[in-house]
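See below for the structure under consideration.
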Amino acid sequence: MNSKKTLSLLLAVSAVLAFPPSSGAATDSAPKTHTLFMGVDLTVEYQGKMYPVRDVAGDNFVISVDGKNVEVRARYGPVKIKIERALKISGVTATVAEMKTDRVYTPGNDPGRRMIEAQSQVIASQQAVASAAAVYAGAQIQAHALGRSMQHGDAGMPALGPSPADAEHSLSVAGANANGSYTQADSLSSESRREAAEGMYDAIDVSFQIGSEQVVAYPYVIALVEFHAPDAKPGAEQNWVYAKALSPLEAKTHHVTIHEGGFPPGYVIDSCQLHIFDRGREIASTVSDNQVRLTSKETFAYLLLNYLGSHKGETLTARPAMGKPAPEVAAQLAPADLSRTYYVKVAADGNPEGTFEDANLRTPAGGAMAPVLGGVRYYPELKNGRAVEGVAEVRLSSLAL
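Per the numbering used here, the sequence shown starts with residue 65, numbered consecutively.
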């Protein structure tokens, strides 16, 4: 979807939801349970075809090809990536704090490091000169002692080091090397100072703290950076996309650092966005764009409106839209209850009219399951695009919202 059209839709939806048709204290006091926000959908090229990103393993994209997971190593070669902005709804909001984005140097391009290396070379050259000078002085002393010994007829005293000529040659070579090091260090220092002043950065550091009041078991982050080269013409911006699997999110925040090189020296950052995902589904965060907090009723109204608009003229069976049990409720249910398929009679407006254990709707769901399933809202059955009464299959373990 075009980003301008998407933003216009977001603003229109926000306006409608901000002033719902019905009014009253009950609506005003309803808790805001979900977040409508601007997210992204990523597709990557693999063997000439584009595939949606389903997950991230380490720092590789994971796609599904013929039902099998395939990792795409985006960091080890040019990969075609398509980025589409899209409105999304999430019942979970991750907290992102202390986010910093800095241009930095790769080690080989760091002018400060190169200056230190040049100074180290100068020191090593000075030490070599001092050592050669000491050897030369020793050779001179030895030659003088040997000459005096020969004058007294003691010709058997052996030479213990290089000759004065050899020592002088070594000293001359060390001095020349030192002069070369001085010249090189001076040139390198001047160049490094210039690069430091011009800010010829070629890497990026992105760091932040992240956590979530609700546990997110399989999170990963997608960093999107828009940048341009220092000599780029207007409109020649580029996108950098980075994926990184994260540790499970919980209330206690943890620190994340992303460091990557390969940018054109002196590049300029235009924007940096973080998008947080859980098993391929994007969740809201405190740094998400265009956030609108919604009540459960408003969330379902938006989902239903969007669903009907996206499936005009189609014939589809009813299916769950939202109503994932709270963690404390799910913890009280047996694993079999969470994975078992139940059948719900769904009205044309998406509300449940009865919950059953069988597809023939003869055996009502009993115990704790009836109220839990009754709290789920559904996309109604469609016949040629018209909402009608139908039956939906539902597994609580598969609900996403």
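Virtual Cβ for every residue (Gly too), placed ideally from N, Cα, C.
Per DSSP, residue 360 is one residue of the alpha helix (DSSP H) stretching across 360–374.
The continuous stretches of alpha helix (DSSP H) do not include residue 346, which lies in the beta strand (DSSP E) extending over residues 345–349.
Apart from the 5 residues on each side of it in sequence, residue 270 sits with its Cβ closer than 6 Å to the Cβ of 165, 287, 322 in its chain, given in chain order. With respect to the C-alpha of residue 464, the residue from 385, 408, 432, 295 having the closest C-alpha is 385. The C-beta of residue 119 has 16 or more other C-beta atoms within 10 Å across all chains shown, which makes the residue buried. A contact is defined here as three or more CB-CB pairs under 8 Å, and the stretch 299–319 fails this definition with respect to the stretch 357–369. DSSP lists 446 as the bridge partner or partners of residue 451.
Going by beta carbons, residue 277 and residue 306 fall outside the 8 Å limit.
Within the same chain, Cβ atoms closer than 6 Å to the Cβ of residue 156 are found at 278, 347, the five residues on either side in sequence being excluded.
The Cβ atoms of residue 293 and residue 331 lie closer than 8 Å to each other.
Closest by C-alpha distance to residue 328, out of 448, 263, 104, 404, is 263. The beta carbon of residue 427 is closer than 7 Å to those of 420, 421 in its chain, skipping five residues each way along the sequence. Annotation: residue 344 to residue 117 spans about 7 Å, alpha carbon to alpha carbon. If you check the CB distance, residue 429 and residue 406 come in under 8 Å. When C-alpha distances from residue 97 are compared across 389, 415, 401, 375, the shortest belongs to 389.
A direct Cα-Cα distance of roughly 43 Å separates residue 392 from residue 144. Cβ contact annotation for residue 148 (same chain, cutoff 6 Å, sequence separation greater than five): 105, in chain order. Counted as a single uninterrupted DSSP element, the alpha helix (DSSP H) harbouring residue 433 occupies residues 433–438. For residue 378 and residue 365, the gap between their C-alpha atoms comes out near 20 Å. Beta-carbon to beta-carbon, residue 285 and residue 333 are separated by about 17 Å, too far to satisfy the 8 Å threshold. In the DSSP annotation of this structure, the continuous segment of the alpha helix (DSSP H) that includes residue 403 starts and ends at 399–403.
The three-state secondary structure of residue 312, taken from DSSP, is coil. Residue 114 is classed as exposed because its beta carbon has fewer than 16 other beta carbons within 10 Å across all chains shown. Here residue 449 is exposed. Its C-beta has fewer than 16 other C-beta atoms within 10 Å.
Residues of the same chain with a CB within less than 7 Å of the CB of residue 461, apart from the 5 flanking positions on each side, are 402, 403 in chain order. Of 132, 414, 453, 337, the smallest CA-CA separation from residue 441 is found for 414.
Between the alpha carbons of residue 439 and residue 451 lies a gap of roughly 20 Å. In summary, residue 174 is buried, with 16 or more beta-carbon neighbours lying within 10 Å of its beta-carbon over all protein chains present. Nearest neighbour of residue 146 by Cα position, chosen from 109, 373, 316, turns out to be 109. Within a 10 Å sphere around the beta-carbon of residue 283 sit 16 or more other beta-carbons, which makes this residue buried. DSSP links residue 302 through a beta bridge to 291.
Counting only the Cα atoms, residue 326 lies some 58 Å from residue 417. Under DSSP, residue 384 forms a beta bridge with 442. With respect to the 8 Å criterion, residue 446 and residue 380 are classified as neighbours on the basis of their beta carbons. Per DSSP, the unbroken beta strand (DSSP E) holding residue 158 starts and ends at 157–168. Taking a 10 Å sphere around the C-beta of residue 295, we find fewer than 16 other C-beta atoms and assign the residue as exposed.
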